[in-house]
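Below: the structure, in structure tokens.
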Amino acid sequence: ELKVEQNPLFPSMQEGKNYTIYCNYSTTSDRLYWYRQDPGKSLESLFVLLSNGAVKQEGRLMASLDTKARLSTLHITAAVHDLSATYFCAVDRVLNYGGSQGNLIFGKGTKLSVKP
Amino acid sequence: DSGVTQTPKHLITATGQRVTLRCSPRSGDLSVYWYQQSLDQGLQFLIQYYNGEERAKGNILERFSAQQFPDLHSELNLSSLELGDSALYFCASSVGIRLLHGELFFGEGSRLTVL
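Quick mapping for you: the protein sequence lines, in order, are chains A and B.
FYI, in the numbering used here the residues of the first sequence are 1170 to 1285.
FYI, in the numbering used here the residues of the second sequence are 645 to 759.
As structure tokens, then:
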């Protein structure tokens, strides 16, 4: 069974600090997704990592994927209050002939609180 | 705005009742996915339809059913509702039957409260 574990789950951090969220998954998958969710809102796609060694950056967020270690990280640089949200990582099953099923398995989410 | 439209946004009903949630995918998308987000279970995949046909099933209860219509909108039917069915139900859509590059777009969700 494919499982996805995130940690930490409820970090509190100060503005201006750097922080990393870790996402471990239990079986082979070449695709890793990061989403952001504000309270009561939809899931906003942040990054889709499609291969081993993939690194993507957008503003203060950078995500990377190590498929050998089955680990993805979401690094936050110089956090600001606007980054307070719940961050989910998710994986799906890659099909032999390319693409994936889109039936994502989500982690429990990391509820990040950035304090001034 | 992802382009995926869900209605209703909020719904309050009683145990034992039946409700229908509706989803219109993004223009041009043929696949529709339903997810449930609850405090207990987190985000779980329920079911996928592609061009009117069921393509994948996840942790969907027998009391729940879904369908996708010729105009590609989808409905999720929840019956014999229990307190534990209270959750946020998301619809997502993608162009094809599979995600070649990871493009999956989520709607705003329908919040169901069962009293």
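Every residue gets a Cβ at the ideal spot worked out from N, C-alpha and C, and that includes glycine.
Straight-line Cα distance separating residue j from residue i
i	j	result
F1216(A)	F713(B)	31 Å
S730(B)	S682(B)	7 Å
D1235(A)	I1274(A)	18 Å
Q688(B)	N1221(A)	25 Å
L732(B)	V1224(A)	31 Å
L1178(A)	G696(B)	38 Å
H654(B)	G753(B)	9 Å
Q711(B)	M1182(A)	44 Å
D1207(A)	L1281(A)	10 Å
R1205(A)	L705(B)	27 Å
K1237(A)	K701(B)	28 Å
T757(B)	P652(B)	12 Å
A658(B)	P669(B)	28 Å
R755(B)	K1284(A)	29 Å
Q1226(A)	L743(B)	21 Å
C1192(A)	Q1175(A)	5 Å
Y1194(A)	K1172(A)	6 Å
F1257(A)	W1203(A)	6 Å
G1209(A)	V648(B)	16 Å
T1196(A)	E1170(A)	8 Å
D1251(A)	L690(B)	31 Å
S1214(A)	C667(B)	19 Å
Distance CB(residue i)-CB(residue j) smaller than 8 Å
i	j	result
L716(B)	Q661(B)	no
L722(B)	R699(B)	no
S1253(A)	F750(B)	no
Q650(B)	L665(B)	yes
I1190(A)	L1240(A)	no
Y679(B)	F734(B)	yes
L1201(A)	V1260(A)	yes
Q692(B)	G1276(A)	no
G1278(A)	T1255(A)	yes
L720(B)	I656(B)	no
Residues that DSSP places opposite residue i in a beta bridge
i	result
T1255(A)	Q1206(A) and K1280(A)
N1193(A)	E1174(A) and L1240(A)
L655(B)	L756(B)
L1212(A)	Q1206(A)
G686(B)	S682(B)
S1181(A)	S1282(A)
I691(B)	W678(B) and K701(B)
I1245(A)	Y1188(A) and L1230(A)
Bounding residues of the beta strand (DSSP E) (the contiguous stretch that carries residue i)
i	result
V1224(A)	V1224 to E1227
E698(B)	E697 to K701
E747(B)	First-last for E747(B): undefined, no H or E at that position.
E719(B)	S718 to L722
R666(B)	V663 to S668
F761(B)	Not covered by the structure: residue 761(B). The range shown for chain B is 645 to 759.
V764(B)	There is no way to answer for residue 764(B), as the model of chain B reaches only from 645 to 759.
A1232(A)	L1230 to D1235
A710(B)	F708 to Q712
Quiz item: Would you call the stretch 1176-1190 of chain A and the stretch 1240-1248 of chain A in contact, with 3 or more CB pairs under 8 Å?
Solution: Judged by pairs of C-beta atoms under 8 Å, the stretch 1176-1190 of chain A touches the stretch 1240-1248 of chain A, as three or more such pairs exist.
Quiz item: Are at least three pairs of beta-carbons, each pair with one atom in the stretch 659-677 of chain B and one in the stretch 733-749 of chain B, less than 8 Å apart?
Solution: Touching, per the Cβ criterion.
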